[in-house]
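Chemist: The numbering of the sequence shown is numbering that gives the first Met the number 0, which starts it at 0 and goes up by one. By construction, the Cβ of each residue, glycine as well, lies at the ideal position given by its N, Cα and C atoms. Quick caveat, the model's predicted, so the values are computed rather than measured.
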Amino acid sequence: MFRAPVVPRARKRSRPADATVSGREGVKFEDVRLYLVERKMGRSRRSFLTQLARSKGFIVEDVLSDDITHVVSEDNQASSLWKWLRECALKNLPDMHVLDVGWFTDSMREGRPVADTGEKARRGYATVPTPPEGSAPTAQAVVSQYACQRRTTTENNNKIFTDAFEVLAESYEFNEIEGPCLAFRRAASVLKSLSWAVQCLEATRNVPCLGEHTKAVMEEILRYGRSFEVEKILSDERYRTLKLFTSVFGVGPKTADKWYRGGLRSFSDVLGDRGIRLNRMQQSGFLHYGDISRAVSKAEARALRNIIDEAVHAITPDAVLALTGGFRRGKEFGHDVDFIVTTPELGKEKNLLPSIIKRLTKQRILLYCDYQASTFDMSKLPSYRFEAMDHFAKCFLIMRLEGSQVEGGLHLAEGDSRGWRAVRVDLVAPPMDRYAFALLGWSGSRQFERDLRRFARLERNMLLDNHALYDKTKKEFLAATTERDIFAHLGLEYIEPWQRNA
Numbered sequence: 000m001f002r003a004p005v006v007p008r009a010r011k012r013s014r015p016a017d018a019t020v021s022g023r024e025g026v027k028f029e030d031v032r033l034y035l036v037e038r039k040m041g042r043s044r045r046s047f048l049t050q051l052a053r054s055k056g057f058i059v060e061d062v063l064s065d066d067i068t069h070v071v072s073e074d075n076q077a078s079s080l081w082k083w084l085r086e087c088a089l090k091n092l093p094d095m096h097v098l099d100v101g102w103f104t105d106s107m108r109e110g111r112p113v114a115d116t117g118e119k120a121r122r123g124y125a126t127v128p129t130p131p132e133g134s135a136p137t138a139q140a141v142v143s144q145y146a147c148q149r150r151t152t153t154e155n156n157n158k159i160f161t162d163a164f165e166v167l168a169e170s171y172e173f174n175e176i177e178g179p180c181l182a183f184r185r186a187a188s189v190l191k192s193l194s195w196a197v198q199c200l201e202a203t204r205n206v207p208c209l210g211e212h213t214k215a216v217m218e219e220i221l222r223y224g225r226s227f228e229v230e231k232i233l234s235d236e237r238y239r240t241l242k243l244f245t246s247v248f249g250v251g252p253k254t255a256d257k258w259y260r261g262g263l264r265s266f267s268d269v270l271g272d273r274g275i276r277l278n279r280m281q282q283s284g285f286l287h288y289g290d291i292s293r294a295v296s297k298a299e300a301r302a303l304r305n306i307i308d309e310a311v312h313a314i315t316p317d318a319v320l321a322l323t324g325g326f327r328r329g330k331e332f333g334h335d336v337d338f339i340v341t342t343p344e345l346g347k348e349k350n351l352l353p354s355i356i357k358r359l360t361k362q363r364i365l366l367y368c369d370y371q372a373s374t375f376d377m378s379k380l381p382s383y384r385f386e387a388m389d390h391f392a393k394c395f396l397i398m399r400l401e402g403s404q405v406e407g408g409l410h411l412a413e414g415d416s417r418g419w420r421a422v423r424v425d426l427v428a429p430p431m432d433r434y435a436f437a438l439l440g441w442s443g444s445r446q447f448e449r450d451l452r453r454f455a456r457l458e459r460n461m462l463l464d465n466h467a468l469y470d471k472t473k474k475e476f477l478a479a480t481t482e483r484d485i486f487a488h489l490g491l492e493y494i495e496p497w498q499r500n501a
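1) Please report the straight-line C-alpha distance between Ser265 and Ala412, rounded to a whole angstrom.
2) Near Leu352, which residues of its chain fall below 7 Å by C-beta distance, leaving aside the five closest residues on each side in sequence?
3) In three-state terms, what does DSSP make of Glu228?
4) As an exercise, report each continuous alpha helix (DSSP H) stretch of at least 4 residues that is fully enclosed by the stretch 137-204, in chain order.
5) Buried or exposed: where does His312 fall if 16 or more other Cβ atoms within 10 Å of its Cβ makes it buried?
6) Quick one: grab the DSSP three-state call for Tyr238.
7) Quick one: grab the DSSP three-state call for Thr374.
8) Leaving out the 5 sequence neighbours to the left and right, which residues in its chain are closer than 6 Å to Asp450 when beta-carbon positions are compared?
9) On the CB-based measure, 16 or more other CB atoms within 10 Å of its CB, does Ala202 come out buried or exposed?
10) Taking the beta carbon of Asn465 as the centre, do at least 16 other beta carbons fall within 10 Å, making it buried, or is it exposed?
11) What is the DSSP secondary structure of Phe28, reduced to helix, strand or coil?
12) Just how far apart, CA to CA, sit Gly490 and Arg483?
13) Spell out a yes or no on whether the stretch 291-310 and the stretch 329-347 are touching, meaning 3 or more CB-CB pairs, one atom from each, closer than 8 Å.
14) Which of the three DSSP states is assigned to Gln498 in this structure?
15) Would you call Ser54 buried or exposed, if buried means 16 or more other Cβ atoms sit within 10 Å of its Cβ?
16) Is DSSP giving Ser43 helix, strand or coil here?
17) What is the DSSP secondary structure of Met461, reduced to helix, strand or coil?
18) Would a C-beta distance cut-off of 8 Å place Leu409 and Leu396 closer than the cut-off?
19) In terms of residues, what are the limits of the alpha helix (DSSP H) holding Ala255?
20) Can you round the beta-carbon distance between Asp290 and Arg420 to whole angstroms, since I take them to be within the 8 Å contact cut?
21) When DSSP builds the beta bridges, which residues end up paired with Ser416?
22) With a threshold of 16 other CB atoms inside 10 Å of the CB of Leu457, please say whether the residue is buried or exposed.
23) Taking 7 Å as the limit between beta carbons, can you name the residues of its chain near Arg525, skipping five residues before and five after?
24) Taking 8 Å as the limit between beta carbons, can you name the residues of its chain near Met217, skipping five residues before and five after?
25) From what residue to what residue does the beta strand (DSSP E) around Lys393 run?
26) Under three-state DSSP, which class holds Leu351?
27) Going straight from the alpha carbon of Thr151 to that of Arg222, what length do you get?
28) From Glu299 to Gly402, what distance separates their C-alpha atoms?
29) What residues are listed by DSSP as bridge partners for Tyr288?
30) How should Leu345 be labelled, buried or exposed, when 16 other C-beta atoms within 10 angstroms of its C-beta is the threshold for buried?
31) Starting from the N-terminal side, write out each stretch of the beta strand (DSSP E) that is 3 residues or longer and does not extend beyond the stretch 48-129.
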């Protein structure tokens, strides 16, 4: 069944017609309001057609709402288009005319909305079938406020919004304002999990974690294609300087802000200031900045796994090695490469990292090493306060990776002919009975782990961290040998690592 493209009767409007046409005298068809669907049509073509229609006296809205009379689509499947329209939860949907771009083209040529009579009706403008008579907008699937109850892959249908939210969150982080920072990160996490692209704000009515500020940013992006607040931040000198300084290995927001307040604006300013004493980590961060600020490829991560695996099993044949972080979640690129290494025999893991460091040093591939011995003490658990880092033995490394060790070659800057690059590598060595908790924590993503712990605390009265899971009701620790055991204790469906990119 197809909806005929009949020009509707005049209706009362909730806002003046000149809201979208400059000068009320330019409006010729006050009872017609168009909305052009950007999907498939593209932003530039949509913009061109919008200006064309407005120049001929049509009202064209930038945002889909109940004021719309005609929805114009190009090359979209009918089922997908109607599914999206229903998800927008429009009260006026049954009265809207959903049309193919052919109707729009002929209307522009004739300078008026064409009717559905004679030859024009047979040319098939209304190629988008209507929903069955009496049907109502379909309900959206319930979206949980917790990332640990959502499956989020590396695909992101709402990148234009999430990129903006990440800038806003980082800005608040630089200013040490935690509440809005977390709010924007939660909002970004929710939007990443959606299987559909948000094209109208009404569609997000039942989506959690979207507050007034986040929705205001989204509405601005939907209307203008960008956020003016985000653009202001990106041009702000302090934000840009702190962003630059914190990109250096070993430099956090507090140090970056101290340098900024001291009048420093560039790397040359920092390195040329005799009053600044860089620690070893920062010195290495500047020395290898070109390499470690560039993304690490999956092939490079696999090559490093082979190197670490060889070193570990030369020391302890029964050792367990696991690649964690973004690469375990299926990402093609990352900033560093994280591994968990342990042994089946409890206590034996204590000497594992020093032995690995010694072996890598002999191979002359260790460019930097910061080893931190274990401070883990089960008797001090559970911990009732959040700690950013666990207490297992760990080391933060910069390793030399040769091009000959990487399948397909190194991910180098253009013109770089060295044949090797520096890569950041982190190793952590938990006892075997803590392995499942450490694996879950180090796999990420950060927002997934944050929500998993929040869910445990608020919904299950439990405390979860990289060390253990404690049931406050039963007053006992819950054992786990796999990640699935932890999810089961929490009463959650198991989510694969590649679905945790929150």
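Modeler: In terms of the structure at hand:
1) 21 Å
2) Tyr370, Ala392, Cys394, Leu426, Ala428
3) helix
4) 158-173, 177-192
5) exposed
6) helix
7) coil
8) Tyr145, Ala146, Cys147
9) buried
10) buried
11) coil
12) 10 Å
13) yes
14) helix
15) exposed
16) helix
17) strand
18) no
19) 252-260
20) 5 Å
21) None; Ser416 has no bridge partner.
22) exposed
23) What is shown of the chain runs 0 to 501, which leaves residue 525 out entirely.
24) Phe160, Val197, Leu200, Thr203, Leu209
25) 392-401
26) helix
27) 27 Å
28) 9 Å
29) None; Tyr288 has no bridge partner.
30) exposed
31) 69-72, 96-99
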